[in-house]
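Presented below is the structure to which this report refers.
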Amino acid sequence: MTMEQVSMNDGLDGRETVAFGLGAAEVAVFVLALLTAYAALRSGLPGVLEWSLAGLIAGTGAALAWGRVSGRSLLEWTVLLVRFLARNRVRWPGSSGRVPAPPGLRTLLATTSSLVGRRGGSQAGAALMPLALRRHRAPSNASAGGAGAQPAVTGSGRRQEAAPRRPQVEAFFSLNGGSGRTALAVELAALMAVRGTADRATGTAGMRVALLDLTTRSPAVGLRLGIPVPSTRAEQARMVTHPTGATVFPGPVPDLPSGEATARWARTLIGEVEQGGADVIIVDVDCDLSALCIEALGRCDRVHITVTPTAGGVLDAYRSTAVLRRLGLRDRLDYVVNRCGGPVDMHEQMADLGGDIVAEIPLADAFVDAENSHRVAALGGPTPCLAALAKLADHIQERIPGSRPGIGSRWGSHAG
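Given below as structure tokens:
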């Protein structure tokens, strides 16, 4: 018995055709166009008009079915265009119109507004301000410590300047791809930004969060948040304010002539964000040791080695730990176990590595669904994932000098 040869010229994702080289959807659209054209011919309109209308409908159907642009049919491009226009999107600064906030953020702000309203006083107006839609920068007379540095009064009545709040720079890292680093960075930044927005709505000093996509291979932060891909160099250099209140650099990293030039660019970008009043800066980096990645990791106060509870994930944790220790980051390392299918016992490995697990993120379809629909899973409602992320956010906030828990710090703390 001989086996029929299989051709892979079209790749693993080749199109399945039904008839005339068309897929099922394209055939259906063309047949529908022909039926509509026939109905136009039988509509009783004047002869020239009915023939023109029928020809236009049939021609449009044929173009949608057989037309090709960049390997895709015009029907596919039409569907993508309609979805793009119908989807709630984040706009670039300076564009007109409002940016709709996610449902979870609207619920949190509504709760905050009611709490402030019951307090009375001048703070009631704070909840009505579109804090989530403004670019959060430190006031011109603020010190480099950000919004949280408030002058204190000593026992003698003298005003004493509080210690400046230095921004906390965080990153998730692993040498192996597919550990969920970008998803964790996006979800954590969104959750902490929502907390800060809620705190500022009540008149307290909330955390200002920045999320920087410093990956060069495939920037995914903007895709995860539904931020349109920049089409010009001017847009590529801009920071975007997400409806959660987070300031986002969605990428891409500029194509510079050398790795050292790219590292200097990253150093400048992080410095500008620090001076802009951010309290927490979360950077997303590649799983390599390029000059850009080393520069970003060197600026971090904490590097969360992302571990998956598998044999390969544990091996990657050992490799990542050894590499980061050689870079002089021994005292800045901790571990986040991602995609836990149940209770995880890694005490032996942590004792061997000399590290601590600061968060265990459960395995959940919510992250996958959120990524596919370009939204933030942490704003979807109480889940075990939200509770784990809230614990990690609390751990980070505790290390920020002068940070005080406000109403926003309770967001997600009792989830699940």
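Under the working numbering, the first residue of the sequence shown is numbered 1159, with each subsequent residue one higher.
Backbone N, C-alpha and C fix where the C-beta goes; we use that ideal spot for every residue, glycine too.
V1206 sits in a helix when the DSSP states are folded into three classes. Taking 8 Å as the cut-off, the beta carbon of V1187 is found no closer than this to the beta carbon of L1214.
Of all alpha-carbon atoms in V1227, E1234 and E1345, the one lying nearest the alpha-carbon of T1541 is that of E1345.
Beta-bridge annotation (DSSP): F1330 is paired with D1442 and H1462. Note that the segment 1512–1530 touches the segment 1487–1494; at least 3 beta-carbon pairs, one per stretch, sit closer than 8 Å. Look at P1408 here: in three-state DSSP terms it is coil, with no helix or strand label. For R1339, the enclosing alpha helix (DSSP H) begins and ends at R1339 to A1359. By the neighbour-count definition (other C-beta atoms within 10 Å, threshold 16), R1366 is a buried residue. Under the three-state reduction of DSSP, L1232 is assigned to helix.
In this structure, the alpha-carbon of S1337 lies about 32 Å from that of Q1433. Separation of the CB atoms of P1410 and P1377 is rounded to 5 Å, and the pair is thereby assigned contact status at 8 Å. Between Q1326 and D1459, the beta carbon gap of about 5 Å places them in contact (Cβ cut-off 8 Å).
For D1413, the three-state secondary structure derived from DSSP is coil.
Between the segment 1494–1511 and the segment 1468–1482, the count of C-beta pairs closer than 8 Å reaches three or more; the two stretches touch.
The C-beta separation of D1357 from A1363 comes to about 7 Å, placing the pair in contact by the 8 Å criterion. Judged by their CB atoms, L1349 and A1545 are not nearer to each other than the 8 Å cut-off. Taken through DSSP and simplified to helix, strand or coil, D1514 comes out as coil. Secondary structure of I1558 (DSSP, three-state): coil.
Residue range L1491 to C1498 is occupied by the beta strand (DSSP E) that includes D1492. Collapsing the DSSP output to three states places R1226 in a strand.
The beta carbons of G1429 and T1355 sit no closer together than 8 Å. DSSP places V1176 in the coil class of the three-state scheme, outside both helix and strand. The DSSP-derived three-state label of T1399 is strand. With at least 16 other beta carbons inside 10 angstroms of its own, F1525 counts as buried. The shortest C-alpha to C-alpha distance from L1482 to any of V1185, G1456, R1497 and T1468 is the one to G1456. If the five residues before and after P1388 are omitted, its C-beta is found closer than 6 Å to the C-beta atoms of Q1394, all from its own chain and listed in chain order.
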